[in-house]
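Have a look at the structure below before the remarks.
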Amino acid sequence: MFLHIQPEWQVVLKQNGLDNYQALLSFTNDCCMSSHTRGATWRHTLSDGRTIFIKQDYFTKIAVACRYLLRGKKPLCNMEKERRAFALAAQHGFAVPEVIAWGEQRRLGLPHTGVMIMLPVDGIPVDRFAADPKNKDQAHAAIAKAEHTLARLQDCRLDWKTDCKPEHFFIRPDGSIALIDLERLRQRKRPLTQDYRDRQLRRFRSLLPETFRPPHQDHPHATAHGAAFCTNCSRDS
Numbered sequence: 001m002f003l004h005i006q007p008e009w010q011v012v013l014k015q016n017g018l019d020n021y022q023a024l025l026s027f028t029n030d031c032c033m034s035s036h037t038r039g040a041t042w043r044h045t046l047s048d049g050r051t052i053f054i055k056q057d058y059f060t061k062i063a064v065a066c067r068y069l070l071r072g073k074k075p076l077c078n079m080e081k082e083r084r085a086f087a088l089a090a091q092h093g094f095a096v097p098e099v100i101a102w103g104e105q106r107r108l109g110l111p112h113t114g115v116m117i118m119l120p121v122d123g124i125p126v127d128r129f130a131a132d133p134k135n136k137d138q139a140h141a142a143i144a145k146a147e148h149t150l151a152r153l154q155d156c157r158l159d160w161k162t163d164c165k166p167e168h169f170f171i172r173p174d175g176s177i178a179l180i181d182l183e184r185l186r187q188r189k190r191p192l193t194q195d196y197r198d199r200q201l202r203r204f205r206s207l208l209p210e211t212f213r214p215p216h217q218d219h220p221h222a223t224a225h226g227a228a229f230c231t232n233c234s235r236d237s
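The end of the sequence shown is residue 237 by full-length UniProt numbering, with every number in the run present.
This is the structure we're talking about:
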């Protein structure tokens, strides 16, 4: 088990009782942003008024860890995957949340639980921004910026799979785009095929507010909910 806290945050997290692994893993409050059987995300205001997000992995599936081992890769908990994905995206010039603390607990050499603390992104998800009548004059430009950001990810061979949703693209006060929820982002060895790129773009557009969606286009490899791509849609998986 380990927990790393960025030096400039060690004092304030200690003052708030959030400087040890078990405290972070068991943390709860009244501001749960998302929750499922394997983990949760909490919004929390520190004693100095600053806001943080605490993300938790309660367990890591053995089957997932074994798949990594079969590929000759070190298995990681979801929190560590996302932290590395943030760093990868940042290396390519994309704006992502700042991670100020992270940790992982392993059993028998395999990932078990994980924790991470992030700072909030100053902005609004593109779908919410576009849906707000106050932004009707800027909505199309904001969507275009998000689509351009998706194209840049694809150019960098960064595959976000089916997580390229409008809710994960934040329009910031200066008009730029920041990305959140990068747990599934992967660097591919070879370029994504044009067909795969097009389907990611269609998925993004299909989840925009209805007035901004293009005419529906079915894809033979999509599920009924449009949530899955076929396994051969990119040249490298």
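Every residue, glycine too, gets a C-beta built ideally from N, C-alpha and C.
Just verifying my parser: in three-state terms, what is the DSSP assignment at residue i?
{"i": "E8", "result": "helix"}
{"i": "F204", "result": "helix"}
{"i": "E80", "result": "helix"}
{"i": "Q15", "result": "helix"}
{"i": "K74", "result": "coil"}
{"i": "H148", "result": "helix"}
{"i": "H140", "result": "helix"}
{"i": "P125", "result": "strand"}
{"i": "L25", "result": "helix"}
{"i": "V96", "result": "coil"}
{"i": "F86", "result": "helix"}
{"i": "L3", "result": "strand"}
{"i": "C164", "result": "coil"}
{"i": "R235", "result": "Confidence at R235 is low in this model, with a pLDDT of 44, below 50, so its placement is unreliable and the value that follows should be read with caution. DSSP places R235 in coil when its eight states are reduced to three."}
{"i": "A228", "result": "Interpretation of A228 is limited by its pLDDT of 46, a score under 50 that renders its predicted location unreliable; the figure taken from the coordinates is listed afterwards. In this structure, A228 counts as coil in the three-state DSSP scheme."}
Residue i and residue j: beta carbons closer than 9 Å?
{"i": "I117", "j": "W102", "result": "yes"}
{"i": "T162", "j": "R190", "result": "no"}
{"i": "V126", "j": "F170", "result": "yes"}
{"i": "E167", "j": "L207", "result": "yes"}
{"i": "L25", "j": "Q56", "result": "yes"}
{"i": "C77", "j": "H44", "result": "no"}
{"i": "L179", "j": "V64", "result": "no"}
{"i": "T60", "j": "G17", "result": "no"}
Out of the options, which one is the CA nearest neighbour of residue i?
{"i": "K74", "options": "G109, V99 and I54", "result": "G109"}
{"i": "A144", "options": "K14, A131 and I177", "result": "I177"}
{"i": "A130", "options": "R205, V96, Q105 and T149", "result": "R205"}
{"i": "P120", "options": "R128, R188, R172 and L150", "result": "R172"}
{"i": "D132", "options": "F212, Q22 and Q15", "result": "F212"}
{"i": "M33", "options": "I52, L46 and Q22", "result": "I52"}
{"i": "A23", "options": "R50, D48, D137 and Y58", "result": "Y58"}
{"i": "Q105", "options": "R50, I54, M1 and G72", "result": "M1"}
{"i": "N135", "options": "P209, K81, L3 and L46", "result": "P209"}
{"i": "Y196", "options": "D159, Q10, E8 and Y21", "result": "D159"}
{"i": "M79", "options": "I62, V99, L69 and T149", "result": "V99"}
{"i": "residue 238", "options": "G175, R67 and K165", "result": "Residue numbering for the chain in the displayed model covers 1 to 237; residue 238 lies beyond these limits and cannot be assessed."}
In the DSSP assignment, what residue or residues form a beta bridge with residue i?
{"i": "W42", "result": "C32 and I54"}
{"i": "I177", "result": "I171"}
{"i": "T113", "result": "Q105"}
{"i": "L158", "result": "Q187"}
The ligand MG heavy atoms versus the CB of residue i: any closer than 8 Å?
{"i": "E210", "result": "By its list of ligands, the structure shown contains no ligand whatsoever, and the ligand MG lies outside what it can speak to."}
If you measure from the beta carbon of residue i to each beta carbon in chain C, is any gap under 9 Å?
{"i": "D137", "result": "The displayed structure is made up of one protein chain only, and chain C is not part of it."}
Practice item. Count the CB pairs spanning the region 80-94 and the region 175-192 that are closer than 8 Å, and state whether there are at least three. Key: yes
**Study point:** Stretch-stretch touch, CB-based, cutoff 8 Å, three pairs: the region 152-160 with the region 190-199
**Key:** yes
**Study point:** Any 3 or more C-beta pairs closer than 8 Å across the region 38-49 and the region 8-28
**Key:** yes
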